[in-house]
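J.: Below is the structure I would like to discuss, written out as structure tokens.
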Amino acid sequence: MTTTLPSRTAPPTQQADGVGSSTLRPDGIPKVDGSFIYSSDEYHEGALWGVTLRSPHPRARIASIDTTTAEGIDGVAAVLTHLDVPGSKTYGMIISDQPVLAFDEVRYQGEPVAVVAASNPEVARRASNLIQVEYEELAPQTDPEVSIAGKAEGFPDGGLVRHVKIRHGDVEAGRRAADVVIDESFEIGTQDPAFLGPESGLAVPVGDGGVELYVSSQHLHHDQPQIAASLDLPLDKVRLVLSGVGGAFGGKEDLNVHIHACLLALRTGRPVRMVYNREESFFGHVHRHPATARVELGATRDGKLVFSKVRLVLDGGAYASQSPRVIGNGSFFAGGAYDVANVWIDGYATYTNNPPCGAMRGFGLVQSIYAIESAIDRLARELGMDPLELRMKNALSEGDVLPTGQAIDGPAPLQELLTYVKDLPLPDASNPASVDPRARPGGLGNTTRGEGMKRGVGYALGMKAIGFSGGADDTSTARVTMWIRDGEPVAEVYCAAAELGQGIVAVETQIARTELGVSQVFLPDKDTDIADPGATSASRQTWMTAGSVVAACELVRAELLDRAAALIDEPAAELVLRGPNICDATSGRTLIDVAEVLGETTISHEYTYHHRKTYPIDEETGQGDAHPAFAYAVHRAVVDVDTELGLVRVVEMASAQDVGKAINPVAVEGQMEGGSVQGLGLAIMEELDISDGRIRNPSFTDYLIPTMLDVPPIKLKVFEFPHPDSAYGLNGVGELPNLSSTPAILNALRDATGLDLPRAPVRPVDLIL
Amino acid sequence: MRVQVTVNGVEQVVDGVWELDSLLNMLREHLGLRGTKNACEQGECGSCSVYLDGSLVCSCLVAAAQVEGRSVVTVEGLGSGDELHPVQRAFLETGSVQCGFCTPGMVVAAHALLQSDGNPDELTVREELSGNLCRCTGYTKILDAVNLAAARMKEPS
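Sequences listed follow chains U and Y, in order.
Each residue of the first sequence is one higher than the last, beginning at 1 in the numbering used here.
Each residue of the second sequence is one higher than the last, beginning at 770 in the numbering used here.
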């Protein structure tokens, strides 16, 4: 593996709609006029509908499954159980532990047991209800502490997925040096990604015994081998095409309809559509891990942190999914974005009979940053120090060493970020009685005109590693082609990087315009016919795919200039590309048109970009240079609380983030605003209500996500400190806004009420004074 | 059953509609108008917003049989391609579109808001569009889009 750095950062030309401009998304018009095809819109003449029968129990032994009645229903084409899975009976992102269709035991409520294909969805659903499954119910094991103790029945290793240990410095010496020590516990409920576009897809059998799957996904190339293994087909017989993805946020990394739709299509020889409804969606994807964290922090009287000790528990539910990596990530940064010499962290991920949890935007860090940022405010209170000052005093800077022993390289402008929110004027504290009721706690319920209302301000600081870490060879591959169309040079960027909504499609066009001087850029379907772009996850996709697209463009440009040089008998090194012209580098004079050089020919190059080499951490000490890069963000939140009714109005949010280089500034703002609001949801309203392993609120009626009226004005400051290792100096963006938004709001609520509020989301009953 | 309905100004006779089908399902599966989205089927998310005889409704909550003889306008009826409605264009230009799954419903709801109030203040926009969930944007750009569309729709054409 070689580490590839872009050869330069100065583009050849200031091309309109290129890098740094808020160019319109290439999928924008179809998305506003309704013609964009999402995976739930995929249509095929004569397609059957597939539906899934799911377990009603969080834990039960399957005694028998009888499909004969269901098979006899008019219009039913196939009823499949685990017996019909030709290859691997299980799949999984890291550990292949999740049954394609349950075969011995169901381990969570909603686990797939059988699938049905029929002429229409109602017939399929009716038939699925006629499948007779005899369950022997077992008591669900739902306490992660039992799993940590290795005493959970029915799970590998007694229920412990992974124990991550970080041992850095001498915590006992730190404790002795501390003048003030706090020891606090925090808890965070289960958040759902709640993307609007449901899990769905269309599987089409093809003549050679293979199958094509049009599906929403964060990473087609990671889906493909899991599907092929269960279908017992070679990889090249399972072709995936990215269909429109209606949001993902981590919840579309694991397979959902994929194998089921392919099994049904291959069995029936007909195309099969599957679309989850909203209730099924809540059972059909992974959630953010619920967490508990005990945080001990020690500081000298003047506020210098001298040790931190964290015990973080993430309950991963019934199957491993991404839990081993999520607990790794959560543990690495459980000490927060602070320079602390002595750190001791134990992170545990567990199996239980709760709903499976896996990736969700922030990937373990939402939980640990929530805990450490809550603890920092508590410590500030003990020290009698301003919480923002305590953060500024201890925030990391470039060259500082993380608890994993890795020294921070690349910009770490935490002082700048914190200074921005410190200096930002606070919103007016108007007389509440004169404020529109819609802007007060309780809103149009008109529950207060200011009686019992208290205002609070809170801050939080987050950091995250960007990209796949711990020795992973993280790659993205792109092919760039240039040709002449209607007399103008145009380009195509072919890369399977999943577009979830974040805007990688715009980034791909912008880079081609900047690097090749073209106006028109075509993007073919994203599919598995080209090599792996890596997942759209870990805030990595723009970094990685910019790496591959820039490099492929450079190869195209170099060949173009070589060809021009041969035609006009000039050294290629003296030539530059300027829009549709090739010019003398010194004088800028046009020497030949690109159209004349290319004629009827094309130039096409493929490139695979690798981020710099990383290393696994030591299993006993957690030490190692595991991460390719880091990014940082801060939030300030201002809240009003009606302390008589426990109602909250978030008055304003403000965020500052270093993005290295904003490739598309409006898209960057959109990530910051959207992530901030997902964090607001987790702070005050979003929680899957799970008891005895059962989800009690699987609907948008009962699982609330923020509406437009719940959201306050959001002030943003985008810093651009170029990162030395990436194309254009860009840094990862997407997950950072989720990290500090939730604890900033909690800290504001604590400031308003004086309450400890250890648990997020905060409920009205928690806030009544 | 057979349903006769005017959709986006065109009279349609739709055969083979299941008696319990929703307007949403009839639009998507029988008329191929898939711009109207299904994200909850409970009237909570607004992704399926359409006009029914000029009123904004969640098409998932309207039975197909109820639209007999009536008029439906969907996102496809507002504008398309090179001829976008100012509301659609404003969504595009302000960065209000990320995954875009909420966008068609949000566009129809914003269109309805501006029909009734050409100059809504911020809290009115937030309140009027609070029946349309968006999980990606945090709504800030959508507020910008409504303001931009309102300004453009006031300009003499």
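Heads up, the beta-carbon is just placed ideally off N, CA and C, and yes, glycines get one too.
#1: Mind listing, in chain order, the continuous alpha helix (DSSP H) runs of no fewer than 4 residues lying wholly within the segment 552 to 602 of chain U?
#2: For U/I695, collect the residues of the same chain with a Cβ closer than 8 angstroms to its Cβ; drop the 5 residues on either side in sequence, then sort them by chain order.
#3: Just to make sure I have the definition right: I need the residues of chain U whose C-beta is within less than 7 angstroms of the C-beta of Y/W849. Which are they?
#4: In this structure, does DSSP put Y/W787 in helix, strand or coil?
#5: Is there a C-beta anywhere in chain Y that falls below 8 angstroms from the one on U/L709?
#6: Taking the beta strand (DSSP E) that U/L242 falls in, what are its first and last residues?
#7: So that I know if they touch, is there some Cβ in chain U lying closer than 8 angstroms to that of Y/Y908?
#8: Quick test of your reading: U/E559 and U/I603, contact by CB under 8 angstroms. State the CB separation rounded to the nearest angstrom.
#9: Would you mind telling me which residues of chain U sit closer than 8 angstroms to Y/C862, beta carbon to beta carbon, in chain order?
#10: What does U/S323 pair with, by DSSP beta-bridge criteria?
#11: With burial defined as no fewer than 16 other Cβ atoms inside 10 Å of the residue's Cβ, what is the status of U/M770: buried or exposed?
#12: With burial defined as no fewer than 16 other Cβ atoms inside 10 Å of the residue's Cβ, what is the status of U/P743: buried or exposed?
#13: Is U/A497 closer than 8 angstroms to U/T545 when the C-beta atoms are compared?
#14: May I have the straight-line CA-CA distance separating U/V245 from U/E508, to the nearest angstrom?
#15: Between the beta-carbon of Y/L883 and the beta-carbon of Y/A920, is there less than 8 angstroms?
#16: Between the segment 866 to 896 of chain Y and chain U, which residues of the former have CB atoms less than 7 angstroms from a CB of the latter, in chain order?
#17: Quick check: what's the CA-CA separation for U/K304 versus U/E382?
#18: Just the C-alpha distance for U/Y351 and U/S699, rounded to the nearest angstrom, thanks.
#19: If I measure Cβ to Cβ from U/L757 and keep anything under 7 angstroms in the same chain, skipping five residues before and after, which residues do I get?
#20: Measuring straight from C-alpha to C-alpha, what distance separates U/A727 and Y/K910?
#21: From this set, U/F307, U/L402, U/V133 and U/G471, which residue's C-alpha is nearest U/D179's C-alpha?
#22: Contact criterion: CB-CB distance below 8 angstroms. Does U/N354 meet it with respect to chain Y?
#23: With distance defined between alpha-carbon atoms, name the residue in U/A152, U/I663, U/W49 and U/D339 nearest to U/G75.
#24: Is the beta carbon of U/L255 sitting closer than 8 angstroms to the one on U/G336?
#25: Which same chain residues, not among the five before or five after U/L771, have their C-beta less than 8 angstroms away from its C-beta?
#26: From the DSSP output, read off the bridge partner residues of U/H635.
#27: Please confirm if the segment 111 to 126 of chain U is in contact with the segment 382 to 392 of chain U, defined as three or more CB-CB distances below 8 angstroms between the two stretches.
#28: Given this structure, state the Cα-to-Cα distance separating U/T2 from U/A629, to the nearest angstrom.
#29: Excluding the five sequence neighbours on either side, which residues of its own chain have a C-beta within less than 8 angstroms of the C-beta of U/V490, listed in chain order?
#30: Establish whether the CB of U/T701 and some CB of chain Y are separated by less than 8 angstroms.
#31: Please list the partners that U/P198 has in chain Y, where partner means a Cβ-to-Cβ separation under 8 angstroms.
#32: Got a sec: is the Cβ-Cβ distance from U/S323 to anything in chain Y below 8 angstroms?
#33: For Y/Q811, would you say it is in contact with chain U, using Cβ-to-Cβ distances shorter than 8 angstroms as the test?
#34: Check the C-beta distance from U/Q191 over to U/R288 and give it rounded, since I have them as a contact under 8 angstroms.
#35: Check distances from the C-beta atoms of the segment 819 to 841 of chain Y to those of chain U and list, in chain order, the residues that come in under 9 angstroms.
#36: Please decide whether Y/S899 counts as near chain U, where near means a Cβ-Cβ distance under 8 angstroms.
T.: Concretely, from the data shown:
#1: The segment 552 to 602 of chain U contains these whole alpha helix (DSSP H) runs: 594 to 598.
#2: Q109, G110, F282, F283, P355, L688 and D689
#3: Residue identity check: residue 849 of chain Y is Ser in the sequence provided, not Trp. By Cβ distance, chain U contributes D33 and S35.
#4: coil
#5: yes
#6: V238 to L242
#7: Taking Cβ atoms only, chain U reaches closer than 8 angstroms to Y/Y908, which makes this a yes.
#8: 5 angstroms between Cβ atoms; contact.
#9: One point to set straight first is that residue 862 of chain Y is Glu, not Cys, in the sequence displayed. Neighbourhood of Y/E862 in chain U, by CB distance below 8 angstroms: L24, in chain order.
#10: Bridge partners of U/S323: none, in fact.
#11: What is shown of chain U runs 1 to 769, which leaves residue 770 of chain U out entirely.
#12: buried
#13: Here U/T545 is near U/A497, since their CB atoms are less than 8 angstroms apart.
#14: If I take the Cα positions, the gap works out to 17 angstroms.
#15: no
#16: V866, Q867, C868, G869, F870, C871, T872, P873, V876, L892, R895 and E896
#17: Their Cα atoms are separated by approximately 13 angstroms.
#18: U/Y351 and U/S699: Cα-Cα distance of roughly 25 angstroms.
#19: Excluding positions up to five away in sequence, the list reads L746, L749, R750 and D766.
#20: 27 angstroms
#21: For the residues U/F307, U/L402, U/V133 and U/G471, the minimum Cα distance to U/D179 belongs to U/F307.
#22: no
#23: U/W49
#24: no
#25: Residue 771 of chain U is absent from the structure shown; chain U starts at 1 and stops at 769.
#26: U/A460 and U/S655
#27: no
#28: Unreliable placement is indicated for U/T2, whose pLDDT of 36 sits below 50; no coordinate value is reported for it.
#29: M482, W483, I484, V518, S519, Q520, V521 and F522
#30: yes
#31: N807 and A808
#32: At least 8 angstroms separates the CB of U/S323 from every CB of chain Y.
#33: So, interface residue.
#34: 4 angstroms
#35: From the segment 819 to 841 of chain Y, no residue has a Cβ closer than 9 angstroms to chain U.
#36: yes
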